[in-house]
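Chains A, B and C are the protein sequences, given in the same order.
If you want my numbering, it's the position in the first sequence, counting the first as 1, plus 152.
If you want my numbering, it's the position in the second sequence, counting the first as 1, plus 152.
If you want my numbering, it's the position in the third sequence, counting the first as 1, plus 273.
All C-beta atoms in this analysis are idealised placements derived from N, C-alpha and C, irrespective of residue type, glycine included.
In what follows, a single structure is set out as structure tokens and then discussed.
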Amino acid sequence: MTAPFTRAVEATLFASEEPLTPDDIAAHAGPGDVRTALAELAEHYGGRGVELVERGGRWHFQTAGDLAHLLRRTREEPRRLSRAATETLAIIAYHEPVSRAEIEAIRGVQTAKGTLDVLMEAGWVRPAGRREAPGRPLLYATTQAFLGHFGLQSRRDLPGIDDLRAAGLLDPVDVSLGQLQLESGGEEG
Amino acid sequence: MTAPFTRAVEATLFASEEPLTPDDIAAHAGPGDVRTALAELAEHYGGRGVELVERGGRWHFQTAGDLAHLLRRTREEPRRLSRAATETLAIIAYHEPVSRAEIEAIRGVQTAKGTLDVLMEAGWVRPAGRREAPGRPLLYATTQAFLGHFGLQSRRDLPGIDDLRAAGLLDPVDVSLGQLQLESGGEEG
Amino acid sequence: MAAELPLRAEDELQLSLGAWEGPLDLLLNLARAQKVDLAQISILQLVEQYLEYLTGARAFKLEIAADYLVMAAWLAYLKSCLLLPKDPQQDPSPEELAARLQLRLQRLDAMREAGARLMARDRLGRDVFARGAPEGLRLVRKAAWQATAFDLYAAYGTVRARSAPVVHMVARRAVLTLEEAIERVSALVGARLEWRRLESFLPVTQDPQFRRSALASSFAAALELARKGHVEVQQDGPFAPIMLRARAANMP
């Protein structure tokens with residue numbers, strides 16, 4: 153028999169249209185130990201067709217990944233990102249917060265107007281303040297929805313991020329040096 | 153361990169935007185005994201926060217009926233009653249049953265529609281029939297909850313009402329050249 | 274920039290600059306063609322390949338964008354520095370410049386790889402799915418109205434005070450109006466021909482405020498009556514008593 157509070161948490165998560173924080177859950181499920189209930193549910197659903205996952209501190213149910221081949225055929229492919237947008241998204245995710253100039257220094261080309269727009273429209277990228285440096289450049293970072301869409305519990309789950317950091321490939325980019333040496337006025341293809 | 157086919161049926165039902173017939177399910181979940189899988193799932197979800205139900209030959213998951221109240225939660229936020237609302241409430245308490253026109257005559261200003269709504273939403277004021285007079289104006293009176301909130305046994309406990317009356321401060325107030333006068337008959341009701 | 278050209282089958286890389294996202298992208302693809310770890314690539318060989326590629330493109334009369342030429346010039350400079358005897362004065366050294374180029378290629382390659390890995394994940398809405406028809410949660414905010422008993426009584430007092438203001442006005446202000454003063458002074462002075470002090474015309478009162486008001490309005494009344502020719506006013510000097518009497522000609 154499932155504990156009444158665990159049932160309440162299960163029902164709340166099932167009914168929700170969005171991933172929920174433990175606080176959101178508590179607001180609906182009433183008094184109880186949300187963390188324990190979540191752990192219990194995650195274990196209960198382990199190996200089933202539906203599983204309970206955490207994405208950036210928010211919880212939701214989703215179908216098991218290994219069943220993608222069954223479910224995918226009915227759905228239209230979500231937006232296909234251009235190579236430029238894919239690279240830009242990766243750079244933001246692995247370096248955030250990062251300025252447009254830094255993105256361009258890594259990619260070696262200017263960022264076309266639409267590239268960041270597409271990522272923001274998809275809800276995966278957001279402006280994240282300005283850097284306190286000359287010119288106060290606008291910074292970009294990823295969103296909650298980014299973690300949710302790509303199935304990441306947090307940015308620490310980004311594939312290979314630890315290796316890249318250890319190899320020094322995520323060190324801050326020297327924007328001025330990059331432009332001095334590899335001046336590129338070229339457009340994006 | 154859940155059977156692979158049962159998992160597939162579970163995921164298909166979960167992801168579907170509408171209830172599915174066994175044929176619909178078979179089209180997604182691949183070859184297998186849909187009936188058996190549905191029976192297995194229905195039993196598995198029995199007593200949980202989510203249940204598998206059949207309606208007219210179509211199957212879908214839904215939140216357990218006894219937990220439906222969790223989906224709509226009200227949160228109370230303390231808010232201070234405005235001055236206009238407090239005055240209006242006081243006038244109703246001392247003069248009930250009283251029409252809106254009479255309240256306005258006593259206050260000397262028009263009463264916004266929202267003011268009475270707020271008092272009724274708070275549960276302190278109720279409509280109390282109509283006056284048998286031209287226009288049959290709606291009358292307002294206080295409620296049991298009003299007495300409870302303000303710690304009164306009855307309206308007789310309103311302090312100073314006798315002194316005020318003796319001082320002539322509770323005399324009926326003229327409404328448009330004295331045609332309408334406050335009734336005091338129901339005052340102690 | 275894309276060009277439809279008859280290319281020889283043995284060309285390993287298409288001579289279409291439009292296929293590349295700028296010089297760095299072209300360099301990275303050439304480096305990958307070396308088929309070794311990016312950390313191990315030969316920069317000299319890479320420079321050779323790049324310059325050759327651009328020469329080839331030019332041979333086909335392709336328009337070559339400025340940034341490709343700038344890169345070519347820089348790479349040609351780097352190549353000459355790497356081949357010439359070392360100049361210890363040079364800062365940064367050619368090896369340092371080559372290392373930086375290598376790092377840039379590695380960075381871009383890493384991000385390209387990371388992007389591909391991200392896109393290949395189980396993505397919500399493509400590979401994994403949230404519930405198709407969630408009932409939805411509603412959180413209704415309800416105001417818990419607050420008022421104390423004191424608020425209630427104070428409000429009622431305010432209302433009553435506001436609706437009965439006249440009574441207070443008269444009781445509070447002790448004033449002798451000009452009209453009253455004219456009437457009073459006129460009556461008291463009557464037909465008396467002897468001088469009397471202005472103060473003797475004032476009503477008897479214990480209220481200093483009312484006395485001040487009465488003095489002021491009686492003085493104004495005296496001036497008004499004098500203007501009309503009913504009384505005479507006399508003062509011997511500044512701050513001396515003001516004297517008043519009926520005017521003889523006025524006698525009936």
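Cβ separation of residue i and residue j, assumed to be a contact under 8 Å, to the nearest whole Å
i        : j        : result
His180/A : Thr158/A : In fact, because the Cβ distance is near 14 Å, the residues do not count as touching under 8 Å.
Ala495/C : Val458/C : 6 Å
Glu520/C : Arg469/C : Per the sequence shown, residue 520/C should be read as Arg rather than Glu. Incorrect: roughly 14 Å between the Cβ atoms, too far for contact.
Ala387/C : Gly312/A : 7 Å
Thr295/B : Gly275/B : 6 Å
Ala513/C : Ser490/C : Not a contact, Cβ separation roughly 21 Å.
Gly260/A : Leu303/C : Not quite, the Cβ-Cβ distance comes to about 13 Å (not below 8 Å), so this is no contact.
Ala338/C : Leu412/C : In fact, because the Cβ distance is near 56 Å, the residues do not count as touching under 8 Å.
Leu224/C : Leu290/A : Not covered by the structure: residue 224/C. The range shown for chain C is 274 to 525.
Ala345/C : Leu324/C : 6 Å
Contacts that residue i makes with chain C (C-beta to C-beta distance below 9 Å)
i        : result
Gln296/A : Per Cβ cutoff of 9 Å: no residues; Gln296/A is ~12 Å from chain C at best.
Arg225/B : Leu410, Arg411, Leu412 and Val413
Ala251/A : In the sequence as presented, Ala is not what sits at residue 251/A; that position holds Ser. Within 9 Å Cβ-Cβ: nothing; Ser251/A doesn't reach chain C, min ~15 Å.
Residue-chain proximity (residue i, chain D), Cβ-Cβ < 8 Å
i        : result
Glu368/C : Among the protein chains of the structure shown, namely A, B and C, there is no chain D.
Which listed residue (the options) has its alpha carbon closest to that of residue i
i        : options                                   : result
Gly405/C : Leu223/A, Gly217/A, Gly198/A and Pro156/A : Leu223/A
Arg307/B : Tyr246/B, Ala236/B and Ala189/B           : Tyr246/B
Gly287/A : Ala237/A, Gly260/A and Ala253/A           : Ala253/A
Leu370/C : Ala349/C, Ala389/C and Ser491/C           : Ala349/C
Ser168/B : Leu498/C, Glu336/C, Gly398/C and Leu461/C : Gly398/C
Glu347/B : Ile455/C, Leu410/C, Leu319/C and Val432/C : The displayed coordinates of chain B run from 153 to 341. Any statement about residue 347/B would go beyond what the structure contains.
Gln262/B : His196/B, Glu239/B and Arg282/B           : Glu239/B
Ile258/B : Gln318/C, Val320/C and Ala434/C           : Ala434/C
Leu378/C : Asp310/C, Glu321/C and Gln363/C           : Asp310/C
Ile244/A : Leu190/A, Pro171/A, Pro324/A and Val205/A : Pro324/A
Ser251/A : Val270/A, Thr295/A, Tyr197/A and Arg278/A : Arg278/A
Leu233/A : Val462/C, Lys415/C and Ala389/C           : Ala389/C
Gly217/A : Gly201/A, Ala236/A and Glu284/A           : Gly201/A
Leu321/A : Met384/C, Trp347/C and Phe333/C           : Met384/C
Thr154/A : Leu190/B, Phe302/B, Gly198/B and Ala155/B : Gly198/B
Arg210/A : Gly300/A, Arg282/A, Val327/A and Asp309/A : Gly300/A
Ala194/A : Asp185/A, Ala237/A, Glu206/A and Pro183/A : Glu206/A
Ala237/A : Thr215/A, His212/A, His196/A and Val270/A : Val270/A
Arg414/C : Pro249/B, Leu268/B and Glu228/B           : Glu228/B
Pro156/B : Leu219/A, Ala319/A, Arg187/A and Asp175/A : Leu219/A
Leu268/B : Ala285/B, Leu310/B and Ala293/B           : Ala293/B
Neighbouring residues, chain B, relative to residue i (Cβ below 9 Å)
i        : result
Arg210/A : Correct list: empty, because the minimum Cβ distance to chain B is about 18 Å.
Leu233/A : Residues of chain B passing the Cβ test: none, with the nearest at roughly 23 Å.
Ala160/A : Gly201, Leu219 and Leu222
Thr154/A : Gly199, Arg200 and Gly201
Within chain A, partners of residue i - CB distance below 8 Å
i        : result
Glu336/C : None at all; the shortest Cβ gap to chain A is about 13 Å.
Phe166/B : Gly201, Val202, Phe213 and Thr215
Pro407/C : Phe166, Ala167, Ser168 and Glu169
Gly281/B : Per Cβ cutoff of 8 Å: no residues; Gly281/B is ~40 Å from chain A at best.
Ala163/B : Gly201, Val202, Thr215, Ala216, Leu219, Leu222 and Leu223
Per-residue contacts from residue i into chain C (C-beta, under 7 Å)
i        : result
Thr238/B : Ala420, Asp424, Leu425 and Ala428
Ala274/B : Trp418
Phe157/A : Simply none; closest approach about 17 Å.
Leu321/A : Gln379, Arg380 and Ala383
Leu193/A : Those within 7 Å of Leu193/A in chain C number zero; the least Cβ separation is about 14 Å.
Where residue i meets chain B, residues with beta-carbon distance less than 7 Å
i        : result
Val432/C : Glu239, Ala242, Ile243, Ile258 and Arg259
Arg435/C : Gly260
Proximal residues of chain C, C-beta to C-beta of residue i below 8 Å
i        : result
His105/A : The structure shown does not extend to residue 105/A, since chain A spans only 153 to 341, so no value can be given for it.
Glu206/B : Ordered by position in chain C, no residue passes the 8 Å Cβ test against Glu206/B, which lies about 15 Å from the chain.
Pro174/B : Within chain C, no residue comes near Pro174/B; the closest Cβ sits about 17 Å away, beyond 8 Å.
Under 7 Å (Cβ pairs) to chain A, residues found in the stretch 379-404 of chain C: Gln379, Arg380, Leu381, Ala383, Met384, Arg385, Ala387, Gly388, Arg390, Leu391, Met392, Arg394, Asp395, Arg396, Leu397, Gly398, Arg399, Asp400, Val401, Phe402, Ala403 and Arg404
Proximal residues, the stretch 478-498 of chain C versus chain B, C-beta separation under 9 Å: none
Minimum length 3: unbroken beta strand (DSSP E) runs contained in the stretch 215-268 of chain B: 224-232
Residues within the stretch 296-328 of chain C neighbouring chain A, beta-carbon criterion of under 7 Å: Pro296, Leu297 and Asp298
Against chain A: residues of the stretch 180-191 of chain B by CB proximity under 9 Å: His180, Ala181 and Gly182
Contact list for the stretch 244-269 of chain A against chain C, Cβ threshold 9 Å: Ala245, Tyr246, His247, Ala257, Ile258, Arg259, Gly260, Val261 and Gln262
Sequence ranges, beta strand (DSSP E) only - wholly within the stretch 270-296 of chain B, length at least 3: 277-282 and 290-294
Uninterrupted alpha helix (DSSP H) stretches inside the stretch 164-210 of chain A (no shorter than 4 residues): 174-181 and 186-197
Whole runs of the alpha helix (DSSP H) within the stretch 413-500 of chain C, excluding any shorter than 4 residues: 422-436, 439-445, 451-462 and 481-500
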